[in-house]
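One structure below.
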Amino acid sequence: ERQTAEVDVFNAAVDIDAQRNAACIEATEDLGAVIVLNTTGFQGSANLCLVEDAGVAFISSQGQSEEFMARGEDLLYSFGPPLEESLRFLAQDLIDSGALEGRTIGVVAADTPGQTEAVEAGLVSLLEDAGLEVAAFDVIGGAGSSTCVQGIPEAVSGMLSAGVDVLFPTLNVVSLPQYITEMVAQGFEPGDVQFYNSDFNSQAGAQVASKVVQFGGTDAGDLYNGAIIVDSAPTGAYREADFAVTPFEAMCHATYAAYSPAGLSYEPEEPAASGAYGMTVAVCAQMRMAARAIYDAGDNPTRQDVYDALANLGPIDWSEMLVGSVR
6 ERQTAEVDVF NAAVDIDAQR NAACIEATED LGAVIVLNTT GFQGSANLCL VEDAGVAFIS
66 SQGQSEEFMA RGEDLLYSFG PPLEESLRFL AQDLIDSGAL EGRTIGVVAA DTPGQTEAVE
126 AGLVSLLEDA GLEVAAFDVI GGAGSSTCVQ GIPEAVSGML SAGVDVLFPT LNVVSLPQYI
186 TEMVAQGFEP GDVQFYNSDF NSQAGAQVAS KVVQFGGTDA GDLYNGAIIV DSAPTGAYRE
246 ADFAVTPFEA MCHATYAAYS PAGLSYEPEE PAASGAYGMT VAVCAQMRMA ARAIYDAGDN
306 PTRQDVYDAL ANLGPIDWSE MLVGSVR
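So the numbering used here is basically just the index in the sequence shown, starting at one, shifted up by 5.
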């Protein structure tokens, strides 16, 4: 039976980490979940509440820190690379290309549990080890909410004073627009700064990146325009003349359209529906992964039977049809 535990991620008035942990307790103790799935960025210490405290498997669409993955001990799974690895791919690509030579570099992170350490280890340390100076590295406070704004004016002022012309803004969907808006307010103009991002906090997705304009306005969008993203996701590929959906996407959508209670169906070439299209495939991939583990566990399985099967699934299907596997 599928059950849902909800978290109000856009309410800045609530302690989001506490609410996520409450959802963990609801899912594991009240609902008795064997596997928890999430496709919208379930972050912070609640991940450890699930896999470490409750001993329940968690499948996430979002990358997790390497520390969390290690502490998960075969109960934590992600369809994205670890946070540090995502940033290392980005940093190493730029180091190898020489794009950062002679530039003044700034890095911004949030104080979400597990993220500051990942940014420092995966990005800042790698840049410094390559002989590049990080002129400013700021951690923005969230006061327990998902919207991290504490210290933004001071951080932006410091970036301005340092003459930063390259910025890695690793903030989330609701925090980055406010940071970019403050940059506009303090006099940054389009072309002053080259922004670089990975899929850290899902910033490689069009639905997330578009919030800079939606929440920050046209001026913020103009400043962030030209940001370069290094990630595997085929974001915006539907605009290409030779675009074709993958067989996995086609299968997921045919199934969804056939069984949707509301009779819904989405097309990837409709920008307004691209978020729903991608989300449908993401949920499909996660549900198939969970279903395979339950199937492989055999008749009348114990929890441990399911977890042993999950840890040894081997090759798995997912939306981009790149090579994926669970050892």
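Glycine included, each C-beta is placed from N, C-alpha and C at the ideal position. As the structure is a computational prediction, the values presented were derived from the model and not from experiment.
Nearest candidate by alpha-carbon position, reference residue i, set the options
{"i": "Y82", "options": "I64, S130 and S70", "result": "I64"}
{"i": "Q8", "options": "Q191, D22, A32 and V56", "result": "A32"}
{"i": "T117", "options": "L88, L105 and A141", "result": "L88"}
{"i": "S207", "options": "A246, G119, D13 and G46", "result": "G46"}
{"i": "E71", "options": "L99, A114, A126 and I21", "result": "A126"}
{"i": "Q191", "options": "W323, M292, E254 and A225", "result": "A225"}
{"i": "S180", "options": "V213, F248, A249 and A262", "result": "V213"}
{"i": "D313", "options": "G60, E122 and D197", "result": "G60"}
{"i": "S203", "options": "A123, I30, D134 and A23", "result": "A123"}
{"i": "E245", "options": "Q219, G222 and E274", "result": "E274"}
{"i": "D170", "options": "S151, D197 and T186", "result": "D197"}
{"i": "G231", "options": "G210, D101 and F200", "result": "F200"}
{"i": "G168", "options": "G107, V218, A135 and G222", "result": "G107"}
{"i": "L105", "options": "A135, S130 and F94", "result": "A135"}
{"i": "I233", "options": "T223, Q219 and A209", "result": "A209"}
{"i": "R308", "options": "G268, G37 and A23", "result": "G37"}
{"i": "G49", "options": "G268, G119, V218 and T186", "result": "G119"}
{"i": "A290", "options": "Y261, D304, G268 and A267", "result": "Y261"}
{"i": "G280", "options": "A211, E6 and L137", "result": "A211"}
{"i": "V218", "options": "L131, T186 and S130", "result": "T186"}
{"i": "V288", "options": "T223, N305, D304 and D322", "result": "D322"}
Residue i, DSSP secondary structure in three states
{"i": "V171", "result": "strand"}
{"i": "L81", "result": "strand"}
{"i": "A140", "result": "strand"}
{"i": "S166", "result": "helix"}
{"i": "N206", "result": "helix"}
{"i": "V12", "result": "coil"}
{"i": "L42", "result": "strand"}
{"i": "Q191", "result": "coil"}
{"i": "F200", "result": "strand"}
{"i": "G156", "result": "coil"}
{"i": "G146", "result": "strand"}
Same chain, Cβ closer than 8 Å to residue i, neighbours up to 5 away in sequence not counted
{"i": "L318", "result": "M294, R297, A298, D301, S330 and V331"}
{"i": "V311", "result": "V39, I40, A62, A298, I299 and A302"}
{"i": "V328", "result": "P320"}
{"i": "E325", "result": "S237, A238, P239 and T251"}
{"i": "T121", "result": "A114, A115 and V144"}
Element boundaries [beta strand (DSSP E), containing residue i]
{"i": "G335", "result": "Any question about residue 335 goes unanswered here, given that the chain covers just 6 to 332."}
Extent of the continuous alpha helix (DSSP H) to which residue i belongs
{"i": "L318", "result": "Taken as a continuous stretch (DSSP letters only), L318 belongs to no alpha helix (DSSP H), as it is neither H nor E."}
{"i": "Q120", "result": "Q120 to V124"}
{"i": "V328", "result": "Careful: V328 lies outside any alpha helix (DSSP H) and carries neither H nor E."}
{"i": "L131", "result": "S130 to D134"}
{"i": "F253", "result": "P252 to Y264"}
{"i": "F220", "result": "K216 to G221"}
{"i": "R25", "result": "I21 to I30"}
6 Å Cβ shell around residue i - same chain, five flanking residues per side excluded
{"i": "D79", "result": "A316"}
{"i": "K216", "result": "V178 and P182"}
{"i": "M164", "result": "G111 and A141"}
{"i": "V286", "result": "E254, C257 and S324"}
{"i": "G68", "result": "S83, G85, P86, P87, L88 and S91"}
{"i": "Y282", "result": "Y271 and P273"}
{"i": "A28", "result": "A10 and V12"}
{"i": "E159", "result": "none"}
Sequence-distant residues of the same chain with beta carbon closer than 7 Å to residue i, five excluded per side
{"i": "M188", "result": "V161 and L228"}
{"i": "L53", "result": "F73 and R76"}
{"i": "A148", "result": "Q155"}
{"i": "G146", "result": "D116, C153, Q155 and G156"}
{"i": "L128", "result": "L92, A96, V112 and F173"}
{"i": "L176", "result": "V113, A115, I145, C153, Y184 and N206"}
{"i": "A242", "result": "F248"}
{"i": "D98", "result": "V235"}
{"i": "E133", "result": "V139"}
{"i": "A263", "result": "none"}
{"i": "M284", "result": "T44"}
{"i": "L55", "result": "C29, T33, V41, V61 and F63"}
Residue-chain proximity (residue i, chain C), Cβ-Cβ < 7 Å
{"i": "A190", "result": "Of the chains in the structure shown, none is chain C; there is only one protein chain."}
- Message: As an exercise, report each continuous alpha helix (DSSP H) stretch of at least 4 residues that is fully enclosed by the region 45–103, in chain order.
- Response: Listed in chain order, the complete alpha helix (DSSP H) runs (minimum 4 residues) inside the region 45–103 are 71–77 and 88–102.
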